[in-house]
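Enquirer: Structure provided below as structure tokens; questions to follow.
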Amino acid sequence: MPALWAAVLIGALLWPLLLPGELALRDMVVLDSPALSAGALGTGDLPARNAPQDGLLALLGGVLPASWVARAFLVGGAVAGAYGAVLLARHQGAGRLPTLAALTLTLWNPYTVERLLQGHWSLVITAWLLPLIAALGLTGRTGWQWLALWAASLTPTGALFALLTGVATARRRLPTLAFALACCLPWLIPGLLAGGGASAASVAAFAPRAEAWATTPGSLVGLGGIWNADAVPASRELGFALVGVVLFAVLATQARRVPAPLLVLAGVGLGGAVLAWLLPDALAWATAHVPGAGLLRDASKLTALALPAYVAAAASIRRWAGLVLALALLQVPDAPRALAPLAPQEVAVDPLLVERVAGRDVLLVDEPPLTRRADGTVIINPLLKALPTVESGALVVDGVLVDPPAPRWTEAMAAWEAGDLGQLADLGVGVVVDGEEATETGAGPQSRTLGLWLLAGWLAMPLIATAALRTARR
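So for the sequence shown, the numbering used here puts the first residue at 229; every next one is plus one.
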């Protein structure tokens, strides 16, 4: 029964992925053949916010269509999340209906839907995996927990959440911490080498947002509250966000039955998100001055840390399990319809331009970092994924410059305006595309050695987890 119900939920949520095309929705642009560039590997002009994810997709894209690889990751993450919910429910001694309630809450929640609509697909995978990481840790399955932790570390935020959940629930905490930190190296090392922090102005731009009648704290405890109103399902603005508040109140009655480490994680996640809303100036200061704090400027994503506790609480309810299941569904009753924009798109990238560039860094003079697909939805410019570009990274929200442009982009644009091809070559720019014209500077492809080694090290982490499994069996 749990397997069948999980299949129904996964199908209802991810049905658009069955359609042909490439993935393009807001922050998610996954082409079939993305460039294996320094930026994709996390060692480019911008902070490594998508390492090792983009490097892995680019590597696999040389063999398989990367957009279908991402689809497989999403479906696999959902299946693993469903299994994690069942495992955690068993740990709580749940019967069939409480298990189904726990499974439903894991897969079908505002966090899943809103983050998918924002294009944060790998963050959704992490959220689905957190109950599995917790269950494996609580039951002492160290090797399997490490494998799940590794799978959740596709992005820096995912790696951080997996680290906190893994260490909180593991029986062997120091080895688990060491393993989790090793999974962070693809973005941690580039971040340390680059230095600097994020813009303080970005905190206000990405602040948690109240959904209709639920208030900001209520939206957050209901696992919603994303900053972008365009990524919120229509039902959440019609009052269904209040269902999440009711569900939280029901789950809170089971707090004494929830393992203490999961309550601590929930406190960190919910408390951190609410504090970011209450004390934005403190978060703004940390974002500007503390390396890595920029990861948390989108504070509502912290609520994913509460999901394992919610799942354990749902599994602990006996008499009202059916109510919990119904409330979980009613938080986002229109999820299948709301996720229709997830449908893949036909993305046009000039193959002749890709061939001419031949792996060299490209300065795109007239191409904006953001564009719109056919239905008007904003997406990342696909050229930034198809080519190894000199990225600006500048972000303007409501007329305010949230993130300034990268120094190399600024210098390259100044050199191009001055007609100084030698300076462009010194900056590592091999090709400048200005309108219909492509100008070569003589610079060759830039080194990707560090990024490739970091990706290779990350890919080797399952071998360590497998060794731990073998050791545990002896």
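A virtual CB, placed ideally from N, CA and C, is assigned to each residue, including glycine. Just so we're clear, the structure is a prediction, and the values are computed from it rather than from any experiment.
(1) Quick check on this structure: which residue in GLY270, GLY249, LEU247 and GLY650 has the alpha carbon closest to the alpha carbon of LEU682?
(2) Could you check whether the region 337 to 356 touches the region 440 to 458, counting it as contact only if at least three pairs of C-beta atoms, one from each stretch, sit closer than 8 Å?
(3) For VAL657 versus ALA640, is the C-beta distance shorter than 7 Å?
(4) What are the boundary residues of the beta strand (DSSP E) that includes THR599?
(5) Have a look at PHE434, LEU331 and LEU285 and flag the residue whose alpha-carbon is nearest the alpha-carbon of GLY256.
(6) Would a C-beta distance cut-off of 7 Å place LEU533 and VAL496 closer than the cut-off?
(7) So what's GLY685 in DSSP terms, helix, strand or just coil?
(8) Alpha carbon to alpha carbon, how far is SER620 from PRO633?
(9) Go through its chain and collect everything with a Cβ distance to PRO403's Cβ below 8 Å, but skip five positions before and after it.
(10) Going by other Cβ atoms of all chains shown within 10 Å of its Cβ, with 16 needed for buried, is GLY290 buried or exposed?
(11) Drop a sphere of 10 angstroms on the beta-carbon of LEU245, count the other beta-carbons inside from all chains shown, and report buried for 16 or more, exposed for fewer.
(12) Just to confirm my understanding: we take THR515, look at its own chain, exclude 5 residues before and 5 after, and list those with CB closer than 8 Å. What are they?
(13) Taking its Cβ as the centre, do 16 or more other Cβ atoms sit within 10 Å of VAL518, making it buried, or is it exposed?
(14) Compute the distance between the beta-carbons of VAL478 and ALA540, then report whether it is under 7 Å.
(15) DSSP state of ASP458, grouped into three classes?
(16) Just to confirm the assignment: which complete beta strand (DSSP E) runs, minimum length 3, are found wholly within the region 242 to 277?
(17) State the start and end residues of the unbroken alpha helix (DSSP H) segment that holds ALA666.
(18) Out of curiosity, what's the CA-to-CA distance linking TRP548 and GLY386?
(19) To the nearest angstrom, report how far apart ALA510 and VAL502 are at their CA atoms.
(20) DSSP on ILE361, reduced to helix/strand/coil?
(21) Identify whether GLU439 lies in helix, strand or coil by the three-state DSSP scheme.
(22) Between the Cα of THR605 and those of GLN573, VAL582, ALA396 and LEU366, spot the shortest distance and give me the residue it belongs to.
(23) If VAL618 sits next to ASP589, beta carbons under 8 Å apart, how far is it from one beta carbon to the other, in whole angstroms?
(24) Relative to the C-alpha of LEU612, which residue among GLY272, TRP243 and TRP233 is closest?
(25) Output yes or no for whether 7 Å exceeds the beta carbon distance between GLN281 and SER350.
(26) Look up ILE353 in the DSSP assignment and give the residues it is bridged to.
(27) Going by CA-CA distance only, name the one from GLY249, ASP631 and PHE476 that's closest to LEU551.
(28) Which residue from LEU344, ARG676, PHE407 and ARG343 puts its Cα closest to that of ALA688?
(29) Contact check, ILE608 vs PRO616 under 8 Å by CB: the rounded distance?
(30) Which of the three DSSP states, helix, strand or coil, is assigned to LEU623?
(31) Would you report the Cα separation of LEU377 and ARG343, rounded to the nearest angstrom?
(32) Taking the alpha carbon of ALA435 as the point to measure from, which residue in THR481, LEU470, ALA512 and ARG484 has its own alpha carbon closest?
(33) Using a Cβ-Cβ cut-off of 7 Å (strictly less than) and excluding sequence neighbours within five positions of GLU582, which residues of its own chain qualify?
(34) Can you list the alpha helix (DSSP H) stretches of 4 or more residues lying completely in the region 505 to 575, in chain order?
(35) For TRP441, collect the residues of the same chain with a Cβ closer than 8 Å to its Cβ; drop the 5 residues on either side in sequence, then sort them by chain order.
(36) Quick check: what's the CA-CA separation for GLY201 versus GLY304?
Expert: With the given structure in hand:
(1) GLY270
(2) yes
(3) yes
(4) 598 to 600
(5) Note that residue 256 is Met in the sequence shown here, rather than Gly. If you compare the alpha carbons of PHE434, LEU331 and LEU285 with that of MET256, the shortest gap goes to LEU285.
(6) yes
(7) In the structure shown, the three-state DSSP call for GLY685 is helix.
(8) In a straight line, the C-alpha of SER620 is about 5 Å away from that of PRO633.
(9) THR370 and ALA696
(10) exposed
(11) buried
(12) Excluding sequence neighbours, THR515 sits near GLY425, ALA426, SER427, ALA428, SER430, VAL431, ALA521, GLY522, LEU524 and ARG525.
(13) exposed
(14) no
(15) helix
(16) 251 to 253 and 256 to 258
(17) Where ALA666 is concerned, there is no enclosing alpha helix (DSSP H), although the beta strand (DSSP E) it sits in stretches over 665 to 668.
(18) 32 Å
(19) 13 Å
(20) helix
(21) Secondary structure of GLU439 (DSSP, three-state): strand.
(22) GLN573
(23) 6 Å
(24) GLY272
(25) yes
(26) DSSP, once it has assigned bridges, lists no residue as partnering ILE353.
(27) Distances from the alpha-carbon of LEU551 to those of GLY249, ASP631 and PHE476 put PHE476 closest.
(28) PHE407
(29) Actually they are not in contact, since the Cβ atoms of ILE608 and PRO616 sit about 15 Å apart, beyond 8 Å.
(30) Strand.
(31) 20 Å
(32) ALA512
(33) According to the sequence provided, residue 582 is Val. The question's Glu does not apply to it. Taken in chain order, the residues that qualify are ALA614 and LEU615.
(34) 508 to 517, 535 to 544, 549 to 559 and 563 to 566
(35) GLY467, ALA469 and LEU470
(36) The structure shown has nothing for residue 201, since the chain only spans 229 to 702.
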